Structures are given as structure tokens and as C-alpha cells.
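To start, the structure itself, in C-alpha cells.
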């Protein structure tokens, strides 16, 4: 019983900290600067092929896709982009800094890697409903505020529809022949 009470008090303490504003949005740190991913390296160099690759993986490349993207620098110096993708129903936390982009697959797949955690919109739930079982969830209140910030201070990026490259129909989506056409619009 004591363990249950301890866990419950830790959960409540964590939620209270989030509400007290120790961090911003879904972060445990404060946001000290925003940036446009189309203007800052390495983001500006790889957002287009990375978004095209996400569209291809989800088989949404047959129509235009719209993304809302905003870059954040946190008080500890860490930077990442938050990408809202309505058609894919995902929030993607994109962290391309420190990635070795000499590898062709890294040029397009950074939005899909483990160091770029994404979450489905269905995992965004009201703070009051978050439980220990919801380890991969964001509080709706934090996401709604971050989405509003993206729409106000970020960028709306539309990626035009494109045909599935022939190599992607026949081979693994990580083969160079499939990825290479995504590197140029």
C-alpha cells in the first residue's frame, strides 16, 4: 500500500511541476529561443527529404501533405524541432543535430529514427487522465499550447505529392535506389 501511495504522490508531483511551469510544453526545460527549421542548419538541409520519406513510409505521398514545424532551443542548450503532421496524425520530435549525414539513409530517415521520438495524436490525452500506464503520452494541454505556438511562431510547410520511386516498389525502403530520388524535389 505504501508503494502505491508513493507512486501516486510521485505522479501527482510530476503533474504539479508541469503545471507550475518548470518546463515549457512537453519539455522539462524552458524554451529560450525559437527558430525556423527552413533557415537553420542542419534542419534546413534535411527537412524536405525527411518529410518526403515520412510521406512515403506512410503511403501518403500520392497527395500534398502539410506540416507545422517549429524549432526550439531549451535552456540547457539542447535544440530540436517539433513537427505536427495532421495527415500522418503524428507529433514528431526531430533531432538531427549530431547525426552523421554522410550516410545516405541518414539524409532522409532522421524523422523516423529512435532519437526522433514521435507520438500518434491518439496518445495525446488530458493531463487529469494520464496514468502510470501512459508512459508514451503527452498532456493535451501541453500539446495544444505547443501547436498554437507552432501555428503562431513556426512554419507551415507543404510537401507536394510525388510518385513512389520505382525502386521503392521493388526493394527495401532503406536501399539507396529508393532513397536517392527523395534527396531532390
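Residue numbers (our numbering): 91 to 275. Don't be surprised by glycine CBs; every beta carbon is placed ideally from N, CA and C. Just so it is clear, the structure is predicted and the values come from calculations on it, not from any experiment.
Which one or two residues does DSSP pair with residue 262 in a beta bridge? Looking at the DSSP assignment, residue 262 forms no beta bridge with any residue, so it has no partner.
Nearest CA to the CA of residue 248: which residue from 132, 130, 141 and 114? 141
Of the choices 237, 192 and 244, whose alpha-carbon is the least far from that of residue 123? 244
Check for me: the alpha helix (DSSP H) holding residue 233 runs from which residue to which? 230 to 243
Residue 191 beta carbon less than 9 Å from that of residue 228: no
Return the CA-CA distance between residue 267 and residue 116, expressed in angstroms with no decimal places. 37 Å
Determine, using beta carbons only, whether residue 251 and residue 118 come nearer to each other than 9 Å. no
What number of angstroms, rounded off, separates the C-alpha of residue 231 from the C-alpha of residue 238? 11 Å
Let's see if you can read the secondary structure: which residues bound the alpha helix (DSSP H) around residue 140? 133 to 147
Under 9 Å between C-beta atoms of residue 164 and residue 121: yes
When you compare only the Cα positions, how much space is there between residue 235 and residue 242? 11 Å
Excluding sequence positions up to five away, which residues of its chain have a Cβ less than 7 Å from the Cβ of residue 265? 257
Span of the beta strand (DSSP E), counted from its first residue to its last, around residue 208: 208 to 210
Given a cut-off of 9 Å, decide if residue 210 and residue 177 are closer than it, judged by their beta-carbon atoms. no
Do you know how far the Cα of residue 222 is from the Cα of residue 157? 31 Å
Proximity winner among 169, 253 and 139, relative to residue 185 (alpha-carbon distances): 169
Express the C-alpha separation of residue 161 and residue 174 in angstroms, rounding to a whole number. 12 Å
From 253, 132, 114 and 272, pick the residue whose C-alpha is nearest to that of residue 187; which is it? 132
Using the Cα positions of residue 150 and residue 144, report the straight-line distance between them to the nearest angstrom. 8 Å
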